[in-house]
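Residue numbers (the numbering used here): 3 to 308. All residues carry an ideal CB built from backbone N, CA and C; glycine is no exception.
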Amino acid sequence: MRVRVWIETKDDKVNRKCLLSLLILTLAFNLVTSLFISSVAFVKATDGEKFAVNYRLHEDGSKIWVLGEVINNLTVSVRKVVVKIVFLDSNQAILKEVNTTAWLSVIMPGRRAAFGQSIEKQSVDGFTEVKVEVASYEESEDKPPGIDVPNASLILLPEGVLVTGNILNTAKTGDTKIDAFMVTALFYDDKGFLTADITEPEMLEKALLPGETHEFKIAARFANESSNLKKYILTAESFGETEFTGYAITHEIIALITKNPPPDRTGVFYQMILILWAVALVPVVIIAVKKWKRKPQSKRPRTKSK
């Protein structure tokens with residue numbers, strides 16, 4: 003009886019080592035991905051009769067940010083809108099309860115205002131649920147329209163998202179001036195609301211007269227955490243002698259985003275991937291050099307009799 007036996011050559015060992023190196027690289031990639039990709043939890047509150055509240059949780063070092071929007075479903079404007087945020091554990095016990103205010107002083111009917119609050123992770127350790135709702139508000143007179151955003155552009159950067167543009171004083175009378183203003187940008191991805199950011203209320207050195215413009219910039223936190231940004235909405239208001247006087251934006255500016263942000267090539271995650279690739283390629287290169295220096299050997303069947 004004859005049995006054909008294959009004897010492993012050096013080529014087989016080279017191929018096995020290459021496959022092992024690729025396997026190690028794949029496992030390492032999955033490990034690093036799980037460690038460094040930001041944890042973002044999407045939550046949408048139940049729409050109520052008066053307000054709709056949408057929000058998202060973002061982890062940032064030792065803090066958790068609750069960022070969201072309040073949409074006014076009433077037929078009247080509201081002011082002093084207070085949003086209550088409650089962190090609960092698995093037994094529905096309250097771990098943390100905080101209040102924050104909407105960023106616009108007056109929310110017109112059918113319009114939205116952003117809000118945000120940071121929480122220390124340690125203070126809500128073990129939370130399993132977050133409830134967000136409008137706790138209180140007051141009815142208000144409308145702010146007369148007097149601001150527009152005639153142009154705005156979004157720049158997708160590796161380190162974040164930047165919105166730049168100009169506000170325009172659209173008032174018709176010469177005595178209608180803008181002394182201070184604030185612009186808010188809200189971002190949305192395929193899941194809905196993602197994040198929001200705002201310009202600091204800016205006091206102008208020279209009042210903005212009707213027909214005049216002034217530039218603004220908004221660097222948005224967490225907007226580059228999503229690879230599927232869909233749109234952003236801009237809203238704005240000015241301030242007069244008191245917090246609840248001044249002018250509202252003529253209409254909310256809605257802009258679609260047709261290009262996704264580029265990968266972050268400056269962050270820790272990308273640098274770790276490069277290091278892992280370099281480490282994994284070292285044995286492959288060494289094996290290839292050894293293979294090139296030696297004479298090629300082919301597999302030969304050896305026959306032995308029993």
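Collapsed DSSP secondary structure at residue i in the structure displayed
i	result
residue 211	coil
residue 227	helix
residue 278	helix
residue 259	coil
residue 125	helix
residue 106	coil
residue 285	helix
residue 118	strand
residue 253	coil
residue 327	The shown model of the chain, from 3 to 308, leaves out residue 327, and the question about it has no answer.
residue 147	strand
residue 33	Confidence at residue 33 is low in this model, with a pLDDT of 35, below 50, so its placement is unreliable and the value that follows should be read with caution. Helix, per DSSP.
residue 93	coil
residue 237	strand
residue 40	In this predicted model, residue 40 has a pLDDT of only 34, less than 50, meaning its place in the structure is not dependable; the value taken from the coordinates is given anyway. Coil at residue 40, not helix or strand.
residue 265	Confidence in residue 265 is poor, its pLDDT being 47 and thus under 50, which makes the residue's placement unreliable; the coordinate value appears in the next sentence. It is coil, neither helix nor strand.
residue 26	Because residue 26 sits at a pLDDT of 43, beneath the cut-off of 50, its placement in the model cannot be relied upon, and the following sentence gives the value as read from the coordinates. Helix at residue 26.
residue 111	coil
Minimum C-alpha distance to residue i - residue among the options
i	options	result
residue 124	110, 97, 147 and 75	97
residue 237	249, 185 and 231	185
residue 60	52, 232, 227 and 255	227
residue 58	69, 52, 65 and 51	69
residue 62	201, 258, 121 and 207	121
residue 1	173, 65 and 155	Because residue 1 is not part of the residues shown, which for the chain are 3 to 308, the question remains open.
residue 157	192, 249, 91 and 257	257
residue 169	143, 190 and 252	252
residue 359	234, 247, 129 and 197	With the chain covering only 3 through 308, there is no way to say anything about residue 359.
residue 209	288, 187 and 248	248
residue 55	217, 213, 127 and 196	196
residue 110	86, 93, 143 and 137	143
residue 99	86, 51 and 193	86
residue 51	77, 165 and 159	77
residue 174	218, 214, 289 and 72	214
residue 108	95, 282 and 80	80
residue 138	211, 72 and 283	72
residue 199	285, 115, 93 and 88	115
residue 204	216, 282 and 229	216
residue 260	289, 230, 187 and 126	230
residue 187	283, 164, 126 and 207	164
residue 127	94, 159, 89 and 155	89
Supposed close pair residue i, residue j - CB separation, criterion 8 angstroms
i	j	result
residue 112	residue 74	7 angstroms
residue 161	residue 82	At roughly 36 angstroms, the Cβ-Cβ gap does not stay under 8 angstroms, so residue 161 and residue 82 are not in contact.
residue 192	residue 232	6 angstroms
residue 235	residue 255	7 angstroms
residue 218	residue 201	5 angstroms
Is there contact between the stretch 173-190 and the stretch 229-249, where contact requires at least three CB pairs shorter than 8 angstroms? In short, these stretches touch, since the Cβ pair count reaches three.
Inter-stretch contact at 8 angstroms, needing at least 3 Cβ pairs: the stretch 124-133 / the stretch 214-224: No contact exists between the stretch 124-133 and the stretch 214-224.
Can you give, in chain order, each stretch of the beta strand (DSSP E) that sits fully within the stretch 51-82 and has at least 3 residues? For the stretch 51-82, whole beta strand (DSSP E) runs of length 3 or above, ordered along the chain, are 53-62 and 65-74.
Does the stretch 144-151 touch the stretch 163-178, meaning 3 or more C-beta pairs lie closer than 8 angstroms? With a cut-off of 8 angstroms, the stretch 144-151 and the stretch 163-178 count as touching, because enough Cβ pairs lie within range.
List, from N- to C-terminal side, the beta strand (DSSP E) runs of 3 residues or more that fit wholly inside the stretch 150-196. As far as the stretch 150-196 is concerned, its whole beta strand (DSSP E) runs of at least 3 residues are 162-171 and 180-191.
Give a yes or no on contact between the stretch 151-161 and the stretch 100-118, applying the rule of three or more CB pairs nearer than 8 angstroms. Taking a cut-off of 8 angstroms for Cβ pairs, the stretch 151-161 and the stretch 100-118 do not touch, as fewer than three such pairs fall below it.
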